[in-house]
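Q:
Residue numbers (the numbering used here): -2 to 562.
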């Protein structure tokens, strides 16, 4: 079996196990829900053609009603909605946000929040957010911030109990709200974010059309954007197209955006379910004063074991690792002590690097303990830290920062540990992306004559550093000369130093993953990358070896992140 097929087999194994768990949970659901779901699944099982973000956005610009599918526990689903809304705003569209999460009776409160008449916590309390919705607010908050920025108003489209009515009643409620909104001002665009199942043609969209027809009104143009169909994903995998396709056209006025993998999507649902079952169990037992924090240790362990299985290693049991998140508030003092201790072991010049890593990555791996701290919780960040932990187990005397290392060795140690992190995250979520040379070039062109914020000034320095690095590397390989980056490194402030190393490391991780997908690398070679962090090893030489092996692969240098989804 090729290395690519080995990876795909592991991904299917993960998905099938999750799917079986979901099917087991659905075994006793009401028949009307099963029938409702089947109508949706039938609609998203195949596609008409490969599309593009450009084609999709052109269609959306012409629509009066946009239905955007939502998978409530998956942050990428809400991120897609934000990117579409940003595009509509930039095109000068007057948008009304029709949200499933807002019942009709709380529409006024939502607009009070948007217009600054109440603060965020008051808004969440008044609409009983946790009780009536309960999905991570951090996923939906950017939508409300964007509405504030562009002056979008909110339309509540759910029933007063936010989901406890029969499906057809909820669909009718949403359709009536959308119809009424367009009657008030036919020039506006209604953007409806609702659970994917509700957006099958015969559900909310048809009920909207029926209202216009029955009231003898012209039916407005409608476009539906589904997200992350499992069936379509695997069809693209079979055709070896999944890495290059983000949008497909299902049929006229229907598209599907592919921003995540089926197993990441369903894992987000399972994790949310497990967390909320635990919370409800505590409530039933009257344990109101018990601190509750989701169990991220087992997610880290699961991801580490998947990476080890790909590398054909014996799975770890995880007795030694400690995993904390930003929710472990009572442990913050202990975590800060660990960070202070770690800083003491580092070359004074590099001491700020640990703080910078924490700020920029919003997560940290302290190998000496070992401890993983995740501030911004997401499957990608958990997978990155799990992958670094696997590297720590494979490298004797694992070291990233040390007083004996040169500036150049420190730079490439950061780059290589970021390479391992990104590669591991790609194994878990192949739709994860990073910036490449073309993206940095585009950024510099875009800001050329602009007045820059402090953040943009930092990004500019990073882009210049990365492009200079890649040019020196290319020139050295073409001329068969010795490659060194020391003169530039000596001029970098610590933040730019770290961010540049991170960018180069992530590109290197992408190279490794692409090499897996075209079967141009072996598992023993990847294991060597994971073993390149012992104190006596040279991370610079490890990085150089990767570049020498993959320099000739043209498709890698032409990749672009394309940040729309």
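Idealized CB from N, CA, C, for every residue including glycine.
(1) Would the region 71 to 83 and the region 102 to 111 be scored as touching if the rule is three or more Cβ pairs under 8 Å?
(2) Which same chain residues end up closer than 6 Å to residue 169 when comparing Cβ atoms and leaving out the 5 residues on each side of it in sequence?
(3) Inspect the beta-carbon positions of residue 219 and residue 465 and report whether they are closer than 8 Å.
(4) Please classify residue 44: does DSSP put it in a helix, a strand, or coil?
(5) Can you give me the Cβ contacts of residue 5 inside the same chain, cut-off strictly under 8 Å, excluding the 5 residues immediately before and after it?
(6) Between which two residues does the alpha helix (DSSP H) carrying residue 207 extend?
(7) Measure the C-alpha to C-alpha separation of residue 309 and residue 221 and round it to an integer number of angstroms.
(8) Are the beta-carbon atoms of residue 370 and residue 536 separated by less than 8 Å?
(9) How about residue 387 and residue 264: are their beta carbons less than 8 Å apart?
(10) Does the distance from the C-beta atom of residue 355 to that of residue 398 stay below 8 Å?
(11) What does a CB cutoff of less than 6 Å around residue 53 pick up in its chain, not counting 5 residues either side in sequence?
(12) Would you call the region 366 to 385 in contact with the region 489 to 496, where contact means no fewer than 3 C-beta pairs closer than 8 Å?
(13) Would you say residue 382 and residue 297 are within 8 Å of each other, going by their C-beta atoms?
(14) Apart from the five residues on each side of it in sequence, which residues of its chain come closer than 8 Å, Cβ to Cβ, to residue 64?
(15) The beta strand (DSSP E) with residue 224 in it runs from where to where?
(16) For the candidate residues 114, 122, 128, whose alpha-carbon lies nearest to that of residue 145?
(17) Please list the terminal residues of the continuous alpha helix (DSSP H) segment that includes residue 384.
(18) Assign residue 67 to one of three DSSP states: helix, strand, or coil.
(19) Check whether the region 407 to 421 touches the region 521 to 537, taking contact to mean three or more Cβ pairs, one atom from each stretch, closer than 8 Å.
(20) Could you please give the first and the last residue of the uninterrupted beta strand (DSSP E) stretch that includes residue 364?
(21) Short of 6 Å in beta carbon distance, which residues of its chain neighbour residue 402, apart from the five on each side in sequence? Order them along the chain.
(22) Quick check on residue 487: does DSSP put it in helix, strand or coil?
(23) Count the other C-beta atoms from every protein chain shown that fall within 10 angstroms of the C-beta of residue 476, then say buried if there are 16 or more, exposed otherwise.
(24) Between the region 479 to 489 and the region 456 to 471, do three or more beta carbon pairs fall short of 8 Å?
(25) Can you tell me which of 307, 517, 313, 534 puts its alpha carbon nearest to the alpha carbon of residue 11?
(26) Suppose contacts are defined by Cβ-Cβ distances below 8 Å. Is residue 239 in contact with residue 427 by that definition?
(27) Rounded to the nearest angstrom, what separates residue -1 and residue 361 at their Cα positions?
(28) Hey, how far is the Cα of residue 7 from the Cα of residue 301?
(29) Kindly indicate which residue of 295, 158, 523 has the alpha-carbon position closest to the one of residue 318.
(30) If you run the structure through DSSP and keep just helix, strand and coil, what is residue 474?
(31) For residue 131, which three-state DSSP category applies?
(32) Taking DSSP's pairing of strands, which residues face residue 153 in a bridge?
(33) Nearest to residue 149 by CA position, among 122, 92, 156, 162, is which residue?
A: Judging by the given coordinates:
(1) no
(2) As a working mapping, residue 169 is identified with position 172 in the chain shown. 204, listed in sequence order.
(3) For this step, residue 219 is matched to residue 222 along the chain shown. For this step, residue 465 is matched to residue 468 along the chain shown. Cβ atoms of residue 219 and residue 465: not closer than 8 Å.
(4) Locating residue 44 in the chain shown gives position 47, where the first residue counts as 1. Note: residue 44 maps to coil in three-state DSSP.
(5) Here residue 5 refers to the residue found at position 8 of the chain shown. Contacts found: 234.
(6) Working through the chain shown from its first residue, we reach residue 207 at position 210. Element bounds for residue 207: 201 to 211.
(7) Here residue 309 refers to the residue found at position 312 of the chain shown. Here residue 221 refers to the residue found at position 224 of the chain shown. Approximately 43 Å between the Cα atoms of the pair.
(8) For the purposes of this step, residue 370 is taken as the residue at position 373 of the chain shown. For the purposes of this step, residue 536 is taken as the residue at position 539 of the chain shown. Taking 8 Å as the Cβ cut-off, residue 370 and residue 536 do not qualify as a contacting pair.
(9) Within the chain shown, residue 387 is the residue found at index 390, counting from 1. Within the chain shown, residue 264 is the residue found at index 267, counting from 1. Result no, Cβ atoms of residue 387 and residue 264 do not sit closer than 8 Å.
(10) Looking up residue 355 in the chain shown gives position 358. Looking up residue 398 in the chain shown gives position 401. Not closer than 8 Å, so no.
(11) By one-based count along the chain shown, residue 53 stands at place 56. Taken in chain order, the residues that qualify are 244, 252.
(12) no
(13) Taking the first residue of the chain shown as position 1, residue 382 is located at position 385. Taking the first residue of the chain shown as position 1, residue 297 is located at position 300. Cβ distance < 8 Å, so residue 382 and residue 297 count as in contact.
(14) Sequence index remark: in the chain shown, residue 64 carries index 67 (1-based). The answer, listed in chain order, is 189, 191, 196, 201, 202, 219, 220, 221, 222.
(15) Within the chain shown, residue 224 is the residue found at index 227, counting from 1. It spans 219 to 224 - the beta strand (DSSP E) in which residue 224 sits, taken as one unbroken run.
(16) By one-based count along the chain shown, residue 145 stands at place 148. That would be 114, whose Cα lies nearest to the Cα of residue 145.
(17) On the chain shown, residue 384 is found 387 positions in, with the first residue counted as 1. Start and end: 376 to 391.
(18) As a first step, residue 67 must be located in the chain shown, where it is residue number 70. DSSP places residue 67 in strand when its eight states are reduced to three.
(19) yes
(20) Translated into the one-based positions of the chain shown, residue 364 becomes position 367. Premise fails: residue 364 is in no beta strand (DSSP E) and is neither H nor E.
(21) Walking along the chain shown from the start, residue 402 turns up at place 405. Once the five neighbours on either side are set aside, residue 402 has no close Cβ partner at all.
(22) Locating residue 487 in the chain shown gives position 490, counting from the first residue. The answer is coil: DSSP assigns residue 487 none of H, G, I, E or B.
(23) Locating residue 476 in the chain shown gives position 479, counting from the first residue. It is exposed - the Cβ of residue 476 has fewer than 16 other Cβ atoms within 10 Å.
(24) yes
(25) Within the chain shown, residue 11 is the residue found at index 14, counting from 1. For residue 11, the nearest C-alpha among the options comes from 307.
(26) Taking the first residue of the chain shown as position 1, residue 239 is located at position 242. Taking the first residue of the chain shown as position 1, residue 427 is located at position 430. Taking 8 Å as the Cβ cut-off, residue 239 and residue 427 qualify as a contacting pair.
(27) Taking the chain shown and counting its residues from 1, one reaches residue -1 at position 2. Taking the chain shown and counting its residues from 1, one reaches residue 361 at position 364. Whole-angstrom Cα-Cα distance: 34 Å.
(28) If you number the chain shown from 1, residue 7 lands on position 10. If you number the chain shown from 1, residue 301 lands on position 304. C-alpha separation (whole angstroms): 13 Å.
(29) For this step, residue 318 is matched to residue 321 along the chain shown. Among 295, 158, 523, the Cα nearest to that of residue 318 belongs to 295.
(30) Taking the chain shown and counting its residues from 1, the one referred to as residue 474 is at position 477. Note: residue 474 maps to helix in three-state DSSP.
(31) Stepping through the chain shown from its first residue, residue 131 is reached at position 134. Residue 131 falls in the coil class under three-state DSSP.
(32) Along the chain shown, read from residue 1 onward, the residue named residue 153 stands at position 156. According to DSSP, which records beta bridges pairwise, residue 153 is partnered with 96.
(33) In the chain shown, residue 149 corresponds to position 152, counting from 1. The shortest Cα separation from residue 149 among 122, 92, 156, 162 belongs to 92.
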